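Below is one structure, written out as structure tokens; the observations come after it.
Number of protein chains: 2
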Amino acid sequence: MISRKTKYALQALGCLAEHASGEPMLIADLAERERIPRKYLEAILVALRKGGVLTSRAGRGGGYQLAAPAGEITLARVVAILDGDIAPLPCLADTNPVRCDECADLDTCGTRLVMLEVKRTVSATLDGLTLADLVERARDARARRRGTPDFSI
Amino acid sequence: MISRKTKYALQALGCLAEHASGEPMLIADLAERERIPRKYLEAILVALRKGGVLTSRAGRGGGYQLAAPAGEITLARVVAILDGDIAPLPCLADTNPVRCDECADLDTCGTRLVMLEVKRTVSATLDGLTLADLVERARDARARRRGTPDFSI
DNA sequence: TAAAAGTCTATCGATATTATAGACATATTT
DNA sequence: AAATATGTCTATAATATCGATAGACTTTTA
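One line per chain: the protein sequences are A and B, in this order. The numbers in the numbering used here rise by one with no breaks, and the one at position 127 of the first sequence is 459. The numbers in the numbering used here rise by one with no breaks, and the one at position 75 of the second sequence is 407.
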């Protein structure tokens, strides 16, 4: 389960990725279009900027932009910034792993070993998906519903 | 991230799976061996019994047993019993999906579409792992550490 | 220098999780 | 049938986390 925070982030990033022109977008616009509480979105965007995924410009004509092409920003990165490690168990976290005190032996804990496998799978999937995929699938879905392939318009 | 509840469940189930003889095990023993708060474990075992993974017998000589061979109990099933759906988004839950009210259109939400992929991956992984795998990996890890393959003893 | 924009800090309430306690019911052995 | 060992249920408390909001502050550009 990803947090609502991360979901909001993906929506906002998707919106920025679709926003063809390189023009920065305003927090207020993003909040309205994606129906995200303004102040909450603010905090999310700051985190993303600190995480290197967004750049911002203050002052008139300012706003937020992607810091890289959509195809280079992985979901893994976004999730890591907002939800931190996706480790299924605290003892499997990449940064700051916390060993369970009920576990006598970390390396031979069966639960940990199988969950490590789950973690690897999730990581691989999130690493293989980018904002470009997100945008593309939404576009495909819209096209499919209209009954016309996207490129035939 | 799986809950601590599910982690406790997997440890207890692993313990039962290793417990060679078909004899039932007592809650108190399980709690002590796996260092799980006794009363908390109690609630977990009840849930697992209701979920069909365990059987229990009251009275003297009673206790808990696996309801099926370890190789037939998947992690997916255990996680589902204790943590419910593993859906990364509420709108992707199998049972009782809740659509986000900020989403105008469920079927063309890019975030949902990419997360659906993540969910499928996780489900497939958890479906492919059983308690027997859990036990086996722990055994392998112990053997590997001793520097001797398990079968050479 | 004023307006428009982003940044930071604090706080609140709701909810879920983890944990505990104790009364109650059931089954086995003697 | 009594005694004892065992599981079951309900309620509650402590804690942590998440989602959300408010307001003062800083920076940039026209």
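The C-beta atom is built at its ideal place from N, Cα and C for all residues, glycine as well. Remember, predicted model here, so these are calculated numbers, not experimental data.
Item, Value
"Considering only their Cβ atoms, is the gap separating GLY384(A) from ALA402(A) smaller than 7 Å?", "no"
"For chain A, check one thing: does any of its Cβ atoms lie closer than 7 Å to the Cβ of ASP439(B)?", "yes"
"Return no unless some Cβ of chain A is closer than 7 Å to the Cβ of SER484(B).", "Caution is warranted here: a pLDDT of 44 is assigned to SER484(B), below 50, making its placement in the model unreliable, and no coordinate value can be reported."
"Can the beta-carbon of PRO422(B) be found less than 7 Å from the beta-carbon of GLY394(B)?", "no"
"Mind checking whether ALA344(B) and GLU366(B) have CB atoms under 7 Å apart?", "yes"
"ARG389(B) lies in the beta strand (DSSP E); which residues open and close that run?", "386-389"
"Measuring CA to CA, which of ILE334(B), ARG392(B), TYR396(B), LEU407(B) is closest to THR462(B)?", "LEU407(B)"
"List, in chain order, every chain A residue whose beta-carbon is nearer than 7 Å to that of VAL450(B).", "VAL454, THR457, LEU458"
"Quick one: what's got a C-beta closer than 8 Å to TYR340(A)'s C-beta in the same chain, skipping five residues either side?", "GLU366, ILE368, TYR372, LEU373, ILE376"
"With burial defined as no fewer than 16 other Cβ atoms inside 10 Å of the residue's Cβ, what is the status of ALA456(A): buried or exposed?", "exposed"
"When DSSP labels each residue in this structure, what does GLY383(B) get in the three-state scheme?", "coil"
"Which residues does DSSP pair with LEU421(B) in a beta bridge?", "In the DSSP output, where bridge partners are listed per residue, LEU421(B) has none listed."
"Just to confirm, are ALA470(A) and GLY442(B) a CB contact at a threshold of 7 Å?", "yes"
"Determine whether the Cβ of ALA349(A) lies closer than 7 Å to any Cβ atom of chain B.", "no"
"When you compare each of ALA390(A), LEU386(A), VAL450(A), ARG474(A) to ALA436(B) by their alpha carbons, which one comes out closest?", "ARG474(A)"
"Which term fits LYS382(A), buried or exposed, when burial requires 16 or more other beta carbons within 10 angstroms of its beta carbon?", "exposed"
"Can you pull the chain B neighbours of THR427(A), defined as C-beta to C-beta under 8 Å?", "Neighbours of THR427(A) on chain B: none; closest Cβ ~14 Å, over 8 Å."
"Answer with buried or exposed for PRO429(A), where buried requires no fewer than 16 other C-beta atoms within 10 angstroms of its C-beta.", "exposed"
"Would GLY391(B) be called buried (16 or more neighbouring beta carbons within 10 Å of its own) or exposed?", "exposed"
"Using beta carbons (cut-off 7 Å, strictly below), is ILE334(B) in contact with chain A?", "yes"
"Along the chain, where does the alpha helix (DSSP H) that runs through GLY346(B) open and close?", "336-350"
"For TYR396(A), which beta-bridge partners are listed by DSSP?", "MET357(A), SER388(A)"
"In whole angstroms, what is the alpha-carbon distance linking MET333(B) and ASP417(B)?", "12 Å"
"What residues from chain B crowd round LEU445(A), counting only those whose CB sits closer than 8 Å?", "LEU466, ARG469, ALA470, ALA473"
"Going by the DSSP bridge assignment, what does THR453(B) pair with across the sheet?", "Paired residues: none, contrary to the question."
"At which residues does the alpha helix (DSSP H) containing ILE368(B) begin and terminate?", "Where ILE368(B) is concerned, there is no enclosing alpha helix (DSSP H), given that its DSSP letter is neither H nor E."
"Between which two residues does the alpha helix (DSSP H) containing ARG409(B) stretch?", "407-415"
"Quick one: what's got a C-beta closer than 7 Å to ARG336(A)'s C-beta in the same chain, skipping five residues either side?", "none"
"At the level of alpha carbons, what is the spacing between LEU466(A) and LEU438(B)?", "14 Å"
"Identify whether THR462(B) lies in helix, strand or coil by the three-state DSSP scheme.", "strand"
"Return the chain-ordered list of same chain residues with a C-beta closer than 7 Å to the C-beta of ARG370(A), the five sequence neighbours on each side being excluded.", "ILE359, ALA360, ALA363"
"Shorter than 7 Å from the beta carbon of LYS339(A) to some beta carbon of chain B?", "yes"
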